[in-house]
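Residue numbers (the UniProt record's numbering): 1 to 709. Presented below is the structure to which this report refers.
Here is the structure:
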């Protein structure tokens, strides 16, 4: 029998599993986390989107940072606090298959992309710059199909502005610290804004009111009554400078005889809608209609642009880019608006040739106007997803854009001339014939002013006359809206500069808002006088507007940024040297208070600080006693029942109410307590400012009183 051989046992060999390498992702860098979240959803899993949180490099705060001897070479450093962000971006960039820079589509965005490119050691010739005017799925995906290189003309334009602002600010500001007081600043656009406010204040002070009179009257035709106003004598317009002239006119009238209608003119008048918003137009309208400060408007607009979570659709960019000086819109947006208008309102409301706005002086027309990314997302549909501010601003943008694509409103007008004894009265009436764009965008001017059915030859009875004395009024102080309009009309500043300019002149206490109007402070007038006397070009509107045009020329590739800066700086630096040698120290006089220091007994004075006025001992620095200036509102503190409720100001200059016994009592509220308790739950009642007046309410929402106008 053959021997059998045993099969060797199979030995188990260890198999090492090879780890699958994660596929490399494409890295996209934007400015904000909100924008990153919205974009990442559109791009899918093969992309990673990160935020730089704004600029990553800038000129140092501690020194000029510009080499004026060597072509104004800027010395950039990483911004303090951005170390971890930069480290994380570098780490992800090394691992990434491709890096895309998708900052905003303007000078600032291009500059951020350029600085990121340097920090991350990216190829400067690489096509890694991606721009889109709206953050929608189609716009973002289309942008990634056509990346481009960084536009160095845009970068140079931003760099030139930044360097010019640094040269002006870091030359004049130390001079103001030395000659006036610490903490002051000067800048190209803010100095013009301050000058405009002070020039207007001087106009108001120099204004001499002139007396004039009017004669309003009421006429009757059978049972109908209507109003008319005195126009003139002998068929010509006649002014009424005083009461003597009024009495001469009244003496000519015979109330017992009829007055004759000598002329009736009927016309059809068309009202055209306004174009879609530019940045400045949006800021002005939000200030007038919503009572929004410029900074608040831009903050809400930024949020709407970067993306809001709207339920099942997730995060969506709801408006186009909010920094623009153009009223132009895309063909796709026109077609979408036209379709919506046809569906919702009918063909008669859709304009065949929508309104085209006039571009302001020096406009770049680089981006579309501000509009909804889709008109089918109506304000009513989005209200549940938006904050109150976002909803109000979105409604304003949506309505303005839709109105701009609608037909004219048509008014029937009637002008009536009434005469007796060579005395002429006139009456004007109007009636809305077709509402057109006014269906969605009302402005208060659309109310009917109806007259009876009058015709030439009708005889009227004069039922009453009402002479009234008036005086001519000085020009109004600037509001935020009218100041932005003045800057824009003069070609000073650009869409991105208005909000920070207005913020700066208030933070420096050069101006204060009184009843929503700018009033210059003593400090502002001193600073303006110094700049006007020693740096005339800085506050010369034509010079500044011309400089803005040169800066725009850099952006268009028609100007060399070094030459533009050099042409400004050489004469300016001589003015700085002259001012250093000749300006005397300016002492701002302290205003006396009506009480003495409770520490040393010396008189107290009112001083000006960073956040406004405060009480201080006149023996400073020997005695450092200070007290806040408080205004009692005549209400006992509802929490401790001992202190008085007083007005206070936050660091952002916002009014709030607190207890005079602070810090022993920490009562605080944004709304003004009225000194009464809620009849339902006993909570203290407050006065809230609302559109159309004020209203006393319970903060818990249990009780409210009628609106007081």
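We treat Cβ as the ideally placed atom computed from N, Cα and C, and that holds for glycine.
Output the boundary residues of the alpha helix (DSSP H) element that contains residue i.
i           : result
residue 153 : 152-179
residue 500 : 498-507
residue 285 : 279-289
residue 110 : 107-119
residue 487 : 480-489
residue 331 : 331-344
residue 89  : 83-95
Output the distance between the C-alpha atoms of residue i and residue j, rounded to the nearest integer angstrom.
i           : j           : result
residue 432 : residue 459 : 27 Å
residue 394 : residue 372 : 8 Å
residue 266 : residue 448 : 15 Å
residue 639 : residue 676 : 13 Å
residue 707 : residue 655 : 21 Å
residue 279 : residue 227 : 41 Å
residue 365 : residue 386 : Interpretation of residue 365 is limited by its pLDDT of 47, a score under 50 that renders its predicted location unreliable; the figure taken from the coordinates is listed afterwards. Cα to Cα, residue 365 sits roughly 30 Å from residue 386.
residue 647 : residue 628 : 11 Å
residue 508 : residue 62  : 19 Å
residue 702 : residue 686 : 12 Å
residue 363 : residue 325 : Only weak support is given to the placement of residue 363: the predicted model assigns it a pLDDT of 48, under 50, and the question is left unresolved by the model.
residue 604 : residue 623 : 11 Å
residue 117 : residue 525 : 44 Å
residue 468 : residue 216 : 8 Å
residue 550 : residue 72  : 17 Å
residue 596 : residue 635 : 26 Å
residue 330 : residue 368 : 7 Å
residue 581 : residue 575 : 10 Å
residue 246 : residue 240 : 6 Å
residue 632 : residue 643 : 10 Å
residue 82  : residue 435 : 54 Å
Classify residue i as helix, strand or coil using the three-state DSSP reduction.
i           : result
residue 74  : strand
residue 696 : strand
residue 362 : The predicted position of residue 362 is uncertain, since its pLDDT is 49 and thus under 50; a value taken from the coordinates is nonetheless stated next. Here residue 362 sits in coil by DSSP.
residue 69  : coil
residue 563 : helix
residue 644 : strand
residue 713 : No answer is possible for residue 713: it lies beyond the span of the chain, which begins at 1 and ends at 709.
residue 385 : helix
residue 434 : strand
residue 214 : strand
residue 473 : coil
residue 232 : strand
residue 202 : helix
residue 425 : strand
residue 219 : strand
residue 462 : strand
Considering only the alpha carbon of each residue, which of the options lies closest to residue i?
i           : options               : result
residue 544 : 527, 556 and 564      : 564
residue 669 : 567, 492, 523 and 688 : 688
residue 282 : 269, 268 and 299      : 299
residue 155 : 190, 103, 672 and 138 : 103
residue 609 : 665, 506, 49 and 693  : 506
residue 711 : 685, 522, 629 and 481 : With the chain represented from 1 up to 709, any question about residue 711 goes unanswered, as that position is not in the structure.
residue 272 : 241, 350 and 216      : 350
residue 138 : 181, 317 and 237      : 317
residue 347 : 416, 405 and 34       : 405
residue 411 : 234, 437 and 388      : 437
residue 453 : 439, 475, 485 and 416 : 416
residue 690 : 291, 534 and 153      : 291
residue 618 : 592, 485 and 166      : 592
residue 683 : 353, 698, 276 and 44  : 698
residue 490 : 546, 529 and 304      : 546
residue 197 : 40, 538, 476 and 548  : 476
Please report the residue range of the beta strand (DSSP E) in which residue i lies.
i           : result
residue 239 : Looking at the DSSP string, residue 239 is not in any beta strand (DSSP E), and its letter there is neither H nor E.
residue 591 : 591-596
residue 677 : 672-677
residue 40  : That residue, residue 40, is in no beta strand (DSSP E); its alpha helix (DSSP H) goes 33-43.
residue 132 : Counting along the chain, residue 132 falls outside any beta strand (DSSP E), and DSSP gives it neither H nor E.
residue 149 : Premise fails: residue 149 is in no beta strand (DSSP E) and is neither H nor E.
residue 633 : 631-636
Quick one: does the C-beta of residue i sit closer than 6 Å to a heavy atom of the ligand NAP?
i           : result
residue 326 : As far as ligands go, the structure on display features none, and thus does not contain the ligand NAP.
| Ordered list of beta strand (DSSP E) runs contained in the stretch 246-322, each at least 3 residues | Runs of the beta strand (DSSP E) inside the stretch 246-322: 259-271.
| field | beta strand (DSSP E) runs contained entirely in the stretch 523-571, provided each spans 3 or more residues | value | none
| message | Quick check for students: name the residue ranges of the alpha helix (DSSP H) that lie wholly in the stretch 369-417, counting only runs of 4 or more. | response | 379-382 and 388-404
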